[in-house]
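Residue numbers (full-length UniProt numbering): 1 to 420. Glycine included, every Cβ here is placed at the ideal spot set by N, Cα and C. From a predicted model like this one, the values you see are computed outputs, not experimental measurements.
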Ligand SMILES: *[C@@H]1O[C@H](CO)[C@@H](O)[C@H](O)[C@H]1NC(C)=O
Ligand SMILES: *[C@@H]1O[C@H](CO)[C@@H](O)[C@H](O)[C@H]1NC(C)=O
C-alpha cells in the first residue's frame, strides 16, 4: 500500500515536467509575439528587426511586460511637459529632451516658461517638437521681496540670492498657470504633468515606471538638505502643489519654516500639503557652465562627464575629458555629503570632470562623439545659425503653439546672433 503512490510518482513527475517545459517554451513565444506587435505599433521611425531579439535577451519578461502595458496606457493619457529655465546650452540639451521625452510620449503637450536673454534664440530648435501648447518668454522683472519671503528663504548657495529663487519659482508657477488656462480653454484635464529643466541633458528615454499615481516623483540625490527639485512628475493634484512654488511660501511662513534653500522649500511645501513623494533614478544631468573645485569637498559639487552611463538623476555635468572613474569615483563620492550634492555612482554610473575651470577647448568634439550624429547636427545648426533662419524657425514655432507670449522673433534672434 505504501508503495502505490510511488508507482504514480514517476509519470506524474514526467507529465508535470512536460508541462513545465511547454510553459517555458510557450510563454516566451507568446510574449515574443506581444512585444513584436506592440513595439511595431508605436515605432514611428521604422521597424527595427532586432528589437524582438533584444527584448528576448532582456530578462525578466514579466517586468518588461508591465512596462509595455503601462506605456500603452500613458500613450492614451493627457500629458503636459513643462520646460522651465533659461536657454543656456539648449543646443545640447534641447534635442535630447525632444527625443527622450516629447517623442517618447508623442501626444504630450509642451509648455515652455523661460526668461529672455541672448540664448533664447536657441529655442528655435523647438520647431521640431511634436506638440507645443504654450510658450511664455518673459523679460525678467525684479519681484517684490517682502518679509514673508525673506524669512522663509535663504540667499545662501543661490547665485542670485533670494531674488534668483523668486525668479525661478515664478517661472515654475508660470507653467502651472499656462497649463490651467489651456485646460480651461479646451475643456479637459491633464492626467500627468512632467516638470523638467531646459538645461537637462537626457541620455535615455523617460520610462513609464516614473508615472506613479497619487505620489510625486523626484530623482534621488542632489537633495541639498531637502528634495531634488530638478525634475518632478505627478498627476494634476500633486503637480499643482509641487508647481505652486511662489504662492505656497506664505503657508510655509505661517508653518514656521525659515532659512530654506530651493530644495528644502520644495520638501516643506510637499510635506505641509500632505503630498507623498517617491524617488526614482532618472537618465538626465543638468548641463552647467559653473565651475566647481575638484575633487569636491564634503559640501562641494561633483561634476559628471556628459559621457557617464548614468542614470545621473539631475547631477551637474559638462562635456569633458574624464579625469576620474572607477575607484577614484568611489573615494571621491564617499567624502561627499549624502544629504547634499551626493548622487548615485555605483556600477560605473558616474565618471567625473575636473570642473574648476571653464569648459575645455575641444568640448564640441567630445559632445558630438557622446551624443551622436543627429544631436551633433543640431548643435552645429545653432552654432552656424543666421538671423534669417532663426526668424523663420521662430515663425514656425509660433504657428505650432496654441498660446504665445514672447517678444517678436526678430528681437529674440538679434539679441543672440550678430547681423549678417
Ligand atoms: C508677500 O507677498 C505675497 C505675494 O504678493 C503675499 O501673498 C504675502 O501675503 C506677502 N507677505 C507679507 C508678509 O507681506
Ligand atoms: C495634512 O494632514 C494633517 C494631518 O492629517 C491635517 O491636519 C492637515 O490639515 C492636512 N493638510 C492639508 C493641506 O491637507
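- When rounded, the separation of the alpha-carbon atoms in residue 205 and residue 147 is 43 Å.
- In this structure, the beta-carbon distance from residue 100 to residue 210 does not fall below 7 Å.
- At a Cβ-Cβ threshold of 7 Å, residue 215 and residue 307 do not count as neighbours.
- When the five nearest sequence neighbours on each side are left out, the beta carbons in the same chain lying within less than 7 Å of the beta carbon of residue 370 are those of 306, 307 and 319, in order along the chain.
- Taking the C-beta atoms as reference points, residue 133 is found nearer than 7 Å to residue 111.
- Below 8 Å, enough C-beta pairs join the region 104-123 and the region 74-89 to call them touching: three or more.
- Residue 314 places its beta carbon 7 Å or farther from that of residue 392.
- Exclusion of residue 254 from the 6 Å shell around ligand 1 follows from its C-beta lying no nearer than that to any non-hydrogen atom of the ligand.
- Within the chosen limit of 6 Å, ligand 2 does not reach the beta carbon of residue 269 with any heavy atom.
- The alpha carbon of residue 404 has as its nearest neighbour, out of 181, 77 and 155, the alpha carbon of 181.
- When beta bridges are read from the DSSP output, residue 218 appears opposite 279.
- DSSP places residue 168 in the helix class (H, G or I) of the three-state scheme.
- The beta carbon of residue 124 lies closer than 6 Å to those of 390, 393 and 394 in the same chain, with the five residues before and after it left out.
- With a threshold of 6 Å, the Cβ atom of residue 160 does not count as near ligand 2, since no heavy atom of the ligand is closer than that.
- Between the region 254-274 and the region 289-303 there are fewer than three C-beta pairs closer than 8 Å, too few to call the two in contact.
- Note that the C-beta distance between residue 70 and residue 283 is not below 7 Å.
- DSSP, reduced to helix, strand and coil, places residue 223 outside both helices and strands of the structure shown, so it counts as coil.
- The beta carbon of residue 250 sits closer than 6 Å to at least one heavy atom of ligand 1.
- The three-state reading of DSSP puts residue 306 in coil, since its state is none of H, G, I, E or B.
- Sequence-distant Cβ neighbours of residue 195 in its own chain, meaning closer than 6 Å and more than five residues away, are 82 and 232.
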